[in-house]
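Asks: Please find one structure pasted underneath; my questions will follow.
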Amino acid sequence: GEDVEQSLFLSVREGDSSVINCTYTDSSSTYLYWYKQEPGAGLQLLTYIFSNMDMKQDQRLTVLLNKKDKHLSLRIADTQTGDSAIYFCAERTSYDKVIFGPGTSLSVIP
Amino acid sequence: EAGVVQSPRYKIIEKKQPVAFWCNPISGHNTLYWYRQNLGQGPELLIRYENEEAVDDSQLPKDRFSAERLKGVDSTLKIQPAELGDSAVYLCASSHPDSYNEQFFGPGTRLTVL
Chain A
106 GEDVEQSLFL
116 SVREGDSSVI
126 NCTYTDSSST
136 YLYWYKQEPG
146 AGLQLLTYIF
156 SNMDMKQDQR
166 LTVLLNKKDK
176 HLSLRIADTQ
186 TGDSAIYFCA
196 ERTSYDKVIF
206 GPGTSLSVIP
Chain B
2 EAGVVQSPRY
12 KIIEKKQPVA
22 FWCNPISGHN
32 TLYWYRQNLG
42 QGPELLIRYE
52 NEEAVDDSQL
62 PKDRFSAERL
72 KGVDSTLKIQ
82 PAELGDSAVY
92 LCASSHPDSY
102 NEQFFGPGTR
112 LTVL
């Protein structure tokens, strides 16, 4: 079945760039998403990319999509302590279901 | 604009008891989702509504879980009877037909079954 995988933890120093990686299995995915979840809160959509694109930039966020390798990444430039959260990668499958990864916990060290 | 409202925020019950969660989506959002999020995992879809119609309930354990969205606005998710393995955060989300790709999530209900 469809699966989305992510590394579970990432630690970076404040001011550095963070790169969170994700792999997915459905080669027919239509959209791929990055969500952020802060403690005790629901998920917040950060950005998404259509499957025929290979890059999308939105202020400090850069999304790279390698469709051949089914690999998605999220780069956060100039990471701040407020960026500490869990980041979820998700894919919209060919039958219109959104599948979430397990989340990557980002810790930003001041 | 108010966000997705869920209640209660926390619920502790003993196994075999019933429990219900309530969700009020953002006004105008015709699509409503219920997800379950186990500790350390991403959300898993339980059921999706388009207005009052359940269009995807393939992952809803129908022996003990039920959901309704009678007037196509707010929704209730029920578990009866609850089991220890049902302990999780139950998230509700909604989306607008013009913003199909953006699901707005509520804060969730954290259920603990003892």
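Protein sequence lines, in the order shown, are assigned to chains A and B.
The first sequence maps to residues 106 to 215 in the working numbering.
The second sequence maps to residues 2 to 115 in the working numbering.
In this text, a Cβ means the ideal position worked out from N, Cα and C, and glycines have one as well.
Small disclaimer: the values here were computed from a predicted structure and weren't measured.
Specify, as a first and last residue, the run of the beta strand (DSSP E) that residue 115(B) falls within.
Replies: In the second sequence, residue 115(B) corresponds to position 114, counting from 1. No beta strand (DSSP E) contains residue 115(B), which DSSP labels as neither H nor E.
Asks: Since residue 267(A) meets chain B, which of its residues come closer than 7 Å, beta carbon to beta carbon?
Replies: No statement about residue 267(A) is possible, as the shown extent of chain A runs from 106 to 215 and does not include it.
Asks: So with CB distances below 9 Å, who are the chain B contacts of residue 153(A)?
Replies: Walking along the first sequence from the start, residue 153(A) turns up at place 48. What residue 153(A) touches in chain B: 102, 103.
Asks: For residue 186(A), which three-state DSSP category applies?
Replies: Residue mapping note: residue 186(A) aligns to position 81 of the first sequence, counting from 1. Residue 186(A): helix per DSSP, three-state reduction.
Asks: Which residues in chain B have a C-beta closer than 7 Å to the C-beta of residue 114(A)? List them in chain order.
Replies: Sequence index remark: in the first sequence, residue 114(A) carries index 9 (1-based). Within 7 Å Cβ-Cβ: nothing; residue 114(A) doesn't reach chain B, min ~11 Å.
Asks: Could you spell out where the beta strand (DSSP E) holding residue 179(A) opens and where it closes?
Replies: Here residue 179(A) corresponds to residue number 74 of the first sequence, with the count starting at 1. 176–181 is the extent of the beta strand (DSSP E) around residue 179(A).
Asks: Could you name the residues of the region 160–193 of chain A whose beta carbon sits closer than 7 Å to any beta carbon of chain B, in the order they occur along the chain?
Replies: Under the 7 Å Cβ criterion, the region 160–193 of chain A contributes 193.
Asks: Which value, in whole angstroms, describes the spacing of the CA atoms of residue 144(A) and residue 190(A)?
Replies: To locate residue 144(A), count along the first sequence from 1; it is residue 39. To locate residue 190(A), count along the first sequence from 1; it is residue 85. Approximately 7 Å, taken between the alpha carbons.
Asks: What residues in its chain sit with their C-beta under 7 Å from that of residue 163(A), if we drop five residues either side in the sequence?
Replies: By 1-based counting over the first sequence, the position of residue 163(A) is 58. Within the same chain, residue 163(A) has close Cβ partners 152.
Asks: With a 10 Å radius around its C-beta and 16 neighbouring C-beta atoms as the bar for buried, classify residue 17(B) as buried or exposed.
Replies: On the second sequence, position 16 is the one that residue 17(B) refers to. Burial call: exposed.
Asks: Got a sec? Which residues, its chain only, sit under 7 Å from residue 181(A) by beta carbon, not counting five neighbours each side?
Replies: The count along the first sequence starts at 1 and reaches residue 181(A) at position 76. Here the set comprises 122, 123, 165, 166, 188.
Asks: Could you give the first and the last residue of the continuous beta strand (DSSP E) run that contains residue 34(B)?
Replies: Taking the first residue of the second sequence as 1, we reach residue 34(B) at position 33. It spans 32–38 - the beta strand (DSSP E) in which residue 34(B) sits, taken as one unbroken run.
Asks: Spatial neighbours of residue 60(B) within its chain, please: C-beta separation below 8 Å, excluding the five flanking residues on both sides.
Replies: Start at 1 with the first residue of the second sequence, and residue 60(B) comes out as number 59. Within the same chain, residue 60(B) has close Cβ partners 45, 46, 47, 48.
Asks: Would you kindly work out how many angstroms separate the C-alpha atoms of residue 30(B) and residue 171(A), rounded to a whole number?
Replies: Within the second sequence, residue 30(B) is the residue found at index 29, counting from 1. Within the first sequence, residue 171(A) is the residue found at index 66, counting from 1. Their backbone Cα atoms lie some 32 Å apart in a straight line.
Asks: If you measure between the beta carbons of residue 211(A) and residue 148(A), is that distance less than 8 Å?
Replies: Locating residue 211(A) in the first sequence gives position 106, where the first residue counts as 1. Locating residue 148(A) in the first sequence gives position 43, where the first residue counts as 1. Not a contact, by the Cβ cut-off of 8 Å.
Asks: If I follow the unbroken beta strand (DSSP E) through residue 117(B), where does it start and stop?
Replies: Since the first and last residues shown for chain B are 2 and 115, residue 117(B) lies out of range.
Asks: In three-state DSSP terms, what is residue 85(B)?
Replies: The count along the second sequence starts at 1 and reaches residue 85(B) at position 84. DSSP places residue 85(B) in helix when its eight states are reduced to three.
Asks: Determine the chain A residues that contact residue 109(B) at a beta-carbon separation under 7 Å, and present them in chain order.
Replies: By 1-based counting over the second sequence, the position of residue 109(B) is 108. By Cβ distance, chain A contributes 147.
Asks: Bridge partners of residue 260(A), per DSSP?
Replies: Coverage of chain A is limited to positions 106 through 215, which leaves residue 260(A) absent and any answer about it impossible.
Asks: For the candidate residues 42(B), 72(B), 22(B), whose alpha-carbon lies nearest to that of residue 7(B)?
Replies: The residue labelled residue 7(B) in the question sits at position 6 within the second sequence. The option with the nearest alpha carbon to residue 7(B) is 22(B).
Asks: Given that residue 92(B) touches chain A, what residues does it touch there, using C-beta distances under 9 Å?
Replies: As a working note, residue 92(B) is residue 91 in the second sequence. What residue 92(B) touches in chain A: 147, 148.
Asks: Residue 106(B) versus chain A: which residues are under 9 Å apart at the beta carbon?
Replies: Here the question's residue 106(B) lines up with position 105 in the second sequence. Within chain A, the residues near residue 106(B) are 140, 142, 146, 147, 148, 149, 150.
Asks: Check the C-beta distance from residue 89(B) over to residue 20(B) and give it rounded, since I have them as a contact under 8 Å.
Replies: For the purposes of this step, residue 89(B) is taken as residue 88 along the second sequence, with counting starting at 1. For the purposes of this step, residue 20(B) is taken as residue 19 along the second sequence, with counting starting at 1. With 8 Å as the limit, residue 89(B) and residue 20(B) do not qualify as a contact, their Cβ atoms being about 12 Å apart.
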